[in-house]
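Report on the following structure.
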Amino acid sequence: MTMTDETVAFDVENGIAWVRFNRPDKRNCMNPTLNRRMMEVLDELEYRADVGVLVLSGTGSAWSAGMDLKEYFRETEAKGLGAVRKAQSEAYGWWRRLRWYGKPTIAMVNGWCFGGGYGPLFACDLAFAADEAQFALSEINWGILPGGGATKVVVDLLSMRDAMYHALTGELIDGRKAAAWKLVNESLPLADLKARVTEVANILLKKNPIALKATKDAIRRVGEMTYDNAEDYLVRAQEAANSHDNEGRKEGIRQFIDEKSYKPGLGAYDK
Ligand code: ACO
Numbered sequence: 011m012t013m014t015d016e017t018v019a020f021d022v023e024n025g026i027a028w029v030r031f032n033r034p035d036k037r038n039c040m041n042p043t044l045n046r047r048m049m050e051v052l053d054e055l056e057y058r059a060d061v062g063v064l065v066l067s068g069t070g071s072a073w074s075a076g077m078d079l080k081e082y083f084r085e086t087e088a089k090g091l092g093a094v095r096k097a098q099s100e101a102y103g104w105w106r107r108l109r110w111y112g113k114p115t116i117a118m119v120n121g122w123c124f125g126g127g128y129g130p131l132f133a134c135d136l137a138f139a140a141d142e143a144q145f146a147l148s149e150i151n152w153g154i155l156p157g158g159g160a161t162k163v164v165v166d167l168l169s170m171r172d173a174m175y176h177a178l179t180g181e182l183i184d185g186r187k188a189a190a191w192k193l194v195n196e197s198l199p200l201a202d203l204k205a206r207v208t209e210v211a212n213i214l215l216k217k218n219p220i221a222l223k224a225t226k227d228a229i230r231r232v233g234e235m236t237y238d239n240a241e242d243y244l245v246r247a248q249e250a251a252n253s254h255d256n257e258g259r260k261e262g263i264r265q266f267i268d269e270k271s272y273k274p275g276l277g278a279y280d281k
């Protein structure tokens, strides 16, 4: 099934929801309409039985040119603080929703990725970029600091030196450098990007979905915990997952121990 409007488009195909920023004429920059629409689309797709993985990409030459400087900044600021806070909460809201999404998510960075775009980039669990993609924290180029979480994103993902250089200079880096800096998992030629993302999505589609959600949340949560707190959280998280999924892991053990039909060290059990 396909849905297209002026800000967001998506197709669902073979378990993968291909969601796209869809303002190619504006290089997919995020205006308030897009931010509201993206939240609705995330709502619509999250618990659908035919969606196992969500991929976020952009129509045209951009992934996203960040926030819309005219509609998100200038026009909203002209309406006063209430409008600014509302626009922020709509943008930050869908990024937060994406960070804790019920399904695994992949950023497929096909082109330009600036500033505010680092919010949804970080929100996606995995990220694959075209070698040709271009990334920058361009805030410094027009006189603000990288807000909306962008500073936090680069400090969490990059070394302190790379984060500082990136934020202070506003210089572009390409997909290869983004991968070397660990801003994305991998970079590969644009012509091969979709095939690689499909391959990774298909790996995820074979896994137990309850375990995927528990695992992605655990990876994000434990980074801020002491070892002992993490150990405790992980026991509780697994026990909570067990209560949603009494059969999945038992079936995984059964196929390995009794049926000898697969080896967990080499791949996933047959769901
Ligand atoms: N906000 C508002 N409009 C934008 C944005 C943006 N972030 N990015 C592109 N557009 C608009 C342009 O104004 C232009 O509109 P027009 O056709 O009505 O004149 C249209 O999109 C196409 O943009 P061009 O600049 O003509 O496209 P080009 O391919 O030559 O350049 C590039 C692409 C490099 C992305 C350029 O548009 C650009 O620098 N955009 C701003 C990137 C940026 O710094 N974003 C803000 C980051 S900071 C933050 O998000 C908080």
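According to the numbering used here, the sequence shown holds residues 11 to 281 in order.
The C-beta atom is built at its ideal place from N, Cα and C for all residues, glycine as well.
Model, not experiment: these values are computed from the prediction.
Nonlocal neighbours in the same chain, by C-beta distance under 6 Å from N41, ignoring five residues either side: D78, E81, Y82
Where in the region 137-168 do unbroken runs of the beta strand (DSSP E), each at least 3 residues long, occur, reported from the N-terminal end onward? 144-146
Contact under 8 Å by Cβ, S169 with G185: no
So is K281 buried or exposed if we call it buried at 16+ other beta carbons inside 10 Å? exposed
Can you check whether the CB of A160 is closer than 8 Å to the CB of L178? no
Could you compute how far the alpha carbon of Y237 sits from the alpha carbon of V245? 12 Å
Please report the Cβ distance between V210 and L136, rounded to the nearest whole angstrom; I am assuming they are in contact, meaning their Cβ atoms lie under 8 Å. 7 Å
Going by the C-beta, is M235 closer than 7 Å to any heavy atom of ligand 1? no
Straight-line Cα distance separating G112 from R58: 10 Å
Comparing alpha-carbon positions, which option in P130, K270, K89 lies nearest K162? P130
Straight-line gap, A188 to W152 (C-alpha atoms, nearest Å): 22 Å
Near ligand 1: W122 beta-carbon under 7 Å from a heavy atom: yes
Within 8 Å, do at least three Cβ pairs link the region 42-51 to the region 88-102? yes
Assuming the contact rule is C-beta atoms closer than 8 Å, G70 and C39 should be a hit. Round their C-beta distance to whole Å, please. Incorrect: roughly 12 Å between the Cβ atoms, too far for contact.
Selection from I183, A133, A221 that minimises the alpha carbon distance to V65: A133
Using the C-alpha atoms, what's the distance from E142 back to I263? 44 Å
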